[in-house]
Amino acid sequence: RKEVEQDPGPFNVPEGATVAFNCTYSNSASQSFFWYRQDCRKEPKLLMSVYSSGNEDGRFTAQLNRASQYISLLIRDSKLSDSATYLCVVNGAANAGKSTFGDGTTLTVKP
Amino acid sequence: GAVVSQHPSRVICKSGTSVKIECRSLDFQATTMFWYRQFPKKSLMLMATSNEGSKATYEQGVEKDKFLINHASLTLSTLTVTSAHPEDSSFYICSANRDRGNEQYFGPGTRLTVT
Numbered sequence: 001r002k003e004v005e006q007d008p009g010p011f012n013v014p015e016g017a018t019v020a021f022n023c024t025y026s027n028s029a030s031q032s033f034f035w036y037r038q039d040c041r042k043e044p045k046l047l048m049s050v051y052s053s054g055n056e057d058g059r060f061t062a063q064l065n066r067a068s069q070y071i072s073l074l075i076r077d078s079k080l081s082d083s084a085t086y087l088c089v090v091n092g093a094a095n096a097g098k099s100t101f102g103d104g105t106t107l108t109v110k111p
Numbered sequence: 001g002a003v004v005s006q007h008p009s010r011v012i013c014k015s016g017t018s019v020k021i022e023c024r025s026l027d028f029q030a031t032t033m034f035w036y037r038q039f040p041k042k043s044l045m046l047m048a049t050s051n052e053g054s055k056a057t058y059e060q061g062v063e064k065d066k067f068l069i070n071h072a073s074l075t076l077s078t079l080t081v082t083s084a085h086p087e088d089s090s091f092y093i094c095s096a097n098r099d100r101g102n103e104q105y106f107g108p109g110t111r112l113t114v115t
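Chains as they are written, first to last, in this note's numbering: chain L, 1 to 111; chain R, 1 to 115.
Rendered as structure tokens:
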């Protein structure tokens with residue numbers, strides 16, 4: 001079983017749609033969680049951190065469920081520019097700073 | 001602005017030659033940097049953790065004699081792909097943490113093509 005698992009997609013949605021990505025992790029001692037966005041042939045860039053209390057940044061909402069070892073990302077009112085691969089990233093307590101990446105979920109927003 | 005730089009951004013080399021890739025933290029000191037490689041349509045695979053002033057820690061299956069890592073200063077780590085072969089062609093990305101356990105800042109990546 002992979003340490004971090006994501007639904008690879010692809011997700012093809014129309015502009016304005018709401019789309020949700022899920023991620024599960026296997027190490028219950030993991031301490032910090034992130035969603036990164038990666039555009040084609042570019043480096044990953046931090047989209048947002050994920051907290052148990054949930055956090056929202058504009059159209060993006062991230063949620064963490066420690067009991068279920070589950071992370072989610074919700075994108076509302078999708079824009080064409082949201083098309084990218086979204087990576088779920090988990091940092092373990094024993095390896096603070098050493099990140100484990102999911103394989104990514106590809107999103108394509110169409111006009 | 002960018003906080004981690006990589007050089008070169010793209011390199012093409014012949015089989016059997018060695019290639020050095022530099023990773024620099026631009027406005028902070030990074031005692032630890034990470035080297036990843038990424039194949040097309042795949043996620044990042046951690047190759048090794050580069051530790052300033054000490055030996056790098058390699059992930060299982062990564063040959064330390066093939067991928068030489070040197071972290072000689074608090075702002076610079078280098079990855080040398082020795083005796084490169086076509087199967088080493090990949091996108092190599094480094095990263096560094098400003099604060100332990102927090103988000104990573106990624107370099108822009110180096111696309112290596114071995115002919």
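From the three backbone atoms N, C-alpha and C, an ideal C-beta is built for every residue, glycine too.
*Are residue 39 of chain L and residue 59 of chain L touching if we call contact CB-CB under 8 Å?*
no
_Nearest by alpha-carbon distance to residue 67 of chain R: which of R:19, R:51 and R:11 is it?_
R:19
_residue 85 of chain R versus residue 110 of chain L: straight-line alpha-carbon distance, rounded_ = 39 Å
*So the beta strand (DSSP E) residue 11 of chain L belongs to, where does it begin and stop?*
11-14
*Based on the DSSP secondary-structure assignment, which residues constitute the bridge partners of residue 13 of chain R?*
R:114
*Could you pull the start and end residues of the beta strand (DSSP E) that residue 24 of chain R belongs to?*
19-25
*asked:* I'd like to confirm the pairing. Which residues does DSSP put opposite residue 37 of chain L in its beta bridges?
replied: L:45 and L:86
*Counting Cβ pairs closer than 8 Å, one from the region 64-71 of chain L and one from the region 20-35 of chain L, do we hit at least three?*
yes
*Under 7 Å between beta-carbons, which chain R residues line up against residue 103 of chain L? List them in chain order, please.*
42 and 43
_Within-8 Å CB hit, residue 17 of chain R to chain L_ = no
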